[in-house]
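Everything below concerns the one structure shown next.
There are 2 protein chains.
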Amino acid sequence: MLSIKDVAQLAGVAVGTVSRVINNSGAVKPETRRRVEQAIQELNYVPNEVARNFKMQKSKMVALLLPSIWHPFFSELAYYIEDELDREGYKLMLCNSSGKPEKELYYLEMLQQNKVAGIVGITYNDIESSVSTDIPIVSIDRHFSKKITCVTSDNYEGGRLALRELVKAGARKPAFMGSVTAVYSETMKRREGFVDEAKAMGVDYVVYEKPDPVTDDDIYYGEFLRDHADVDGVFAITDMFAAKYIERAREQNIRVPEDVKVVGYDGIQDHAYFHPLISTIRQPVEEMARMTIQLLYKKIRGESLDLETYRLPVTFRPGETT
Amino acid sequence: MLSIKDVAQLAGVAVGTVSRVINNSGAVKPETRRRVEQAIQELNYVPNEVARNFKMQKSKMVALLLPSIWHPFFSELAYYIEDELDREGYKLMLCNSSGKPEKELYYLEMLQQNKVAGIVGITYNDIESSVSTDIPIVSIDRHFSKKITCVTSDNYEGGRLALRELVKAGARKPAFMGSVTAVYSETMKRREGFVDEAKAMGVDYVVYEKPDPVTDDDIYYGEFLRDHADVDGVFAITDMFAAKYIERAREQNIRVPEDVKVVGYDGIQDHAYFHPLISTIRQPVEEMARMTIQLLYKKIRGESLDLETYRLPVTFRPGETT
Chain A
1 MLSIKDVAQL AGVAVGTVSR VINNSGAVKP ETRRRVEQAI QELNYVPNEV
51 ARNFKMQKSK MVALLLPSIW HPFFSELAYY IEDELDREGY KLMLCNSSGK
101 PEKELYYLEM LQQNKVAGIV GITYNDIESS VSTDIPIVSI DRHFSKKITC
151 VTSDNYEGGR LALRELVKAG ARKPAFMGSV TAVYSETMKR REGFVDEAKA
201 MGVDYVVYEK PDPVTDDDIY YGEFLRDHAD VDGVFAITDM FAAKYIERAR
251 EQNIRVPEDV KVVGYDGIQD HAYFHPLIST IRQPVEEMAR MTIQLLYKKI
301 RGESLDLETY RLPVTFRPGE TT
Chain B
1 MLSIKDVAQL AGVAVGTVSR VINNSGAVKP ETRRRVEQAI QELNYVPNEV
51 ARNFKMQKSK MVALLLPSIW HPFFSELAYY IEDELDREGY KLMLCNSSGK
101 PEKELYYLEM LQQNKVAGIV GITYNDIESS VSTDIPIVSI DRHFSKKITC
151 VTSDNYEGGR LALRELVKAG ARKPAFMGSV TAVYSETMKR REGFVDEAKA
201 MGVDYVVYEK PDPVTDDDIY YGEFLRDHAD VDGVFAITDM FAAKYIERAR
251 EQNIRVPEDV KVVGYDGIQD HAYFHPLIST IRQPVEEMAR MTIQLLYKKI
301 RGESLDLETY RLPVTFRPGE TT
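The listed protein sequences derive, respectively, from chains A and B. According to full-length UniProt numbering, the first sequence holds residues 1 to 322 in order. According to full-length UniProt numbering, the second sequence holds residues 1 to 322 in order.
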């Protein structure tokens, strides 16, 4: 049986060089690459799956569809996803898909043509009708159907935790502040957890929601401040919602945290140089990114997964707003 | 002479569909694509450069090498670069190269193998020895040699502007605060502009620099605060340097802007929800991104460029620190 050593010997290079050529990872001089490829052909060397993929010209590229790489939560996620892919020699193709559903469909087509090996998607489209169950796609946060594996933070527990922290900080009438997407999304569980925990604790609460996306901040926050003046705690669906609320509350001389305690979700502030540092439910971004890629590899290899949705635990990160 | 219409007729599809197949943009059903490709082959249709590239299997992929996509300046840049590439049907491959020089060399090899059409690089390596003049690479910010086209903000004018704004705000002894990379970089002109303008205006000034990267903030800022207690203005080489200085100054009861005026560089804060909003020299990120891609296209097409370095004007964005 032929081994990688035979190839290396015939090409007159080290075994590591042959491996780099086969895996298409690391720098190899073009002429060296040619010698190795010639030796592989001459010997008709097809030792294992890696080499077979190489001969079949399987793509070592994964597409990442994000609403916008500019958003700090998504750029942190992309950072770790690229890092995890790099460990196996995969490359990252990046797509800002916000407001452009046709871009997402285009990447699905690339997947069908084997131009990308898999897709990681934070997608706003309902692509359910376009895909089959076993296609190598892993979704983050947004959970459309049973067909697509989803990795998410534990939004429900996050909502419960936020309610408890607000009460602990002294809030007696906390509000949930969010927006509702047309298609069901995992993030809606943030409200569910908040409401269930308020009921369980016998706490008076408010739910304030508008359709997503919120396009007019003046109306959104103005209406909340006008109609819910008695609220003394806010759990905002994201840190950005929290930051915007705090700014507008300040304009009306409502002090945070003295008058109103605020808890956000995400943990986009990775340092304490800008204020307020929002007290928040921190998503385990790095773990979510690495798990997503590990699950994607399994799907690429054709393995079946145990679960449809993988939920990772969240933590409360105290800041300056509770 | 054959036209795209002949292909469309033979394949039994619309002209737009043929165009989408040729440009590899937009969704086309696999079977339709096959029909179009067959018609192209049958007619031996090679009408223009776009189609020729298609037949030559030229890559429609551009690699973007960034130190880290997580940094807000780079994620804004990546956002606009992807958007500009998308207009011509190019895809973006993203690589966090910080601290991994071998990754940059790997992408250079992909370029030589036509797996990517071009590279946009904010690179820390001196890749001068590895590349030829006409290779489709455009660098942002970091300018190593005459071989690589560079797009940058006008760092020198930015430095002059910062000095003037500090003086205008009342500073009588401003300091430049930065770090020095081993290889020459365009960003060093920020200090040059600052110093030249201070000399021209007859203003007393301080230059405080340490080798890049700054690894120990305690030492870096501690030493500055200890040795330069008489400074009443700071021009920090980036907004993050400014933010870190402000935080540490506050711990020593130095108020910004009352005691010390601070101007940063970049403009990473794209909203005013977190404080302090740093007064800063704002880089024209969107323009830099779009110009970079337009120049890269010219290099891909083999056109020669007028300049080695393209400098885009900066503006002063007043914040809460002057």
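The beta-carbon is built from N, C-alpha and C at its ideal position, and this holds for glycine as well. These numbers were taken from a predicted model, which means no experiment stands behind them.
Output the distance between the C-alpha atoms of B:Ile40 and B:Val7, rounded to the nearest integer angstrom. 6 Å
Residue(s) in a DSSP beta bridge with B:Phe176: B:Val207 and B:Phe235
With DSSP as the reference, identify every bridge partner of B:Ala249, one or two as the case may be. In the DSSP output, where bridge partners are listed per residue, B:Ala249 has none listed.
Kindly indicate the opening and closing residues of the beta strand (DSSP E) around A:Met61. Met61 to Leu66
For the beta strand (DSSP E) containing B:Phe316, list its first residue and its last residue. Thr315 to Arg317
So, is the C-beta of A:Phe235 closer than 9 Å to a C-beta in chain B? no
Can B:Leu312 and B:Val120 be called in contact, C-beta distance under 9 Å? no
On the DSSP bridge assignment, give the partners of A:Val120 in chain order. A:Leu64 and A:Val138
Quick test of the definition: if touching needs 3 or more C-beta pairs under 8 Å, does the region 168-175 of chain B touch the region 227-236 of chain B? yes
Within chain B, the residues that A:Phe274 reaches when beta carbons sit closer than 8 Å: Ala243, Gln269, Phe274, His275 and Pro276
Can you pull the chain A neighbours of B:Met201, defined as C-beta to C-beta under 8 Å? Within chain A, no residue comes near B:Met201; the closest Cβ sits about 30 Å away, beyond 8 Å.
Which two residues bound the contiguous alpha helix (DSSP H) that contains B:Val15? Val15 to Asn23
Just curious, the alpha helix (DSSP H) that A:Asn155 is in, first and last residue? Asn155 to Lys168
N- and C-terminal bounds of the alpha helix (DSSP H) containing A:Lys189: Lys189 to Met201
Between the alpha carbons of B:Asp212 and B:Thr181, how many angstroms are there, rounded? 5 Å
Which residues mark the beginning and the end of the alpha helix (DSSP H) in which B:Tyr220 is found? Asp217 to Asp227
Option in B:Leu295, B:Asp141 and B:Leu92 with minimal Cα separation from B:Val183: B:Asp141
Roughly how far, in whole angstroms, is the beta-carbon of A:Pro284 from the beta-carbon of A:Ser179, given that I think they are within contact range, below 8 Å? Not quite, the Cβ-Cβ distance comes to about 23 Å (not below 8 Å), so this is no contact.
Determine the DSSP secondary structure at B:Leu2, reduced to helix, strand or coil. coil
For the region 93-100 of chain A against the region 56-70 of chain A, are there 3 or more C-beta pairs whose distance is under 8 Å? yes
Would you mind stating whether B:Ile81 and B:Lys299 have Cβ atoms separated by less than 9 Å? no
Who are the Cβ neighbours of B:Phe54 in its own chain at under 6 Å, not counting the five residues just before and after it? Residue placement at B:Phe54 cannot be trusted, given a pLDDT of 42 that sits under 50; the coordinates are not used to answer.
Comparing the C-beta of B:Glu37 with each C-beta of chain A, is any distance below 9 Å? no
Using the DSSP secondary-structure output, state which residues sit across from B:Lys261 in a beta bridge. B:Gly233
Residues of the region 68-83 of chain B with a CB closer than 7 Å to any CB of chain A: list them in chain order, please. Ser68, Ile69, Trp70, Pro72, Ser75, Glu76, Ala78, Tyr79, Glu82 and Asp83
Which residues in chain A have a C-beta closer than 9 Å to the C-beta of B:Ala27? List them in chain order. Glu102, Leu105, Tyr106, Leu108 and Glu109
Exposure label - B:Asp259; buried when at least 16 CB within 10 Å: exposed
Any chance the CB of A:Arg172 is under 8 Å from a heavy atom of the ligand HEM? Ligands are entirely absent from the displayed structure, and the ligand HEM is therefore not among its contents.
What does A:Leu94 touch in chain B if you count any residue whose Cβ is under 9 Å from its own? Leu64, Ile69, Ala78, Glu82, Lys91, Leu92, Met93 and Leu94
Contacts of B:Pro30 in chain A (Cβ-Cβ under 9 Å): Glu109, Gln112 and Gln113
Using 10 angstroms around the beta-carbon of B:Ala14, count the other beta-carbons present and answer buried if the total reaches 16, otherwise exposed. exposed
How is A:Thr309 classed by DSSP in three states: helix, strand or coil? strand
At which residues does the beta strand (DSSP E) containing B:Thr280 begin and terminate? Thr280 to Arg282
Work out the CA separation of B:Glu186 and B:Glu42 for me, nearest whole Å. 52 Å
Comparing the C-beta of A:Glu258 with each C-beta of chain B, is any distance below 9 Å? no
Going straight from the alpha carbon of A:Phe316 to that of A:Leu10, what length do you get? 59 Å
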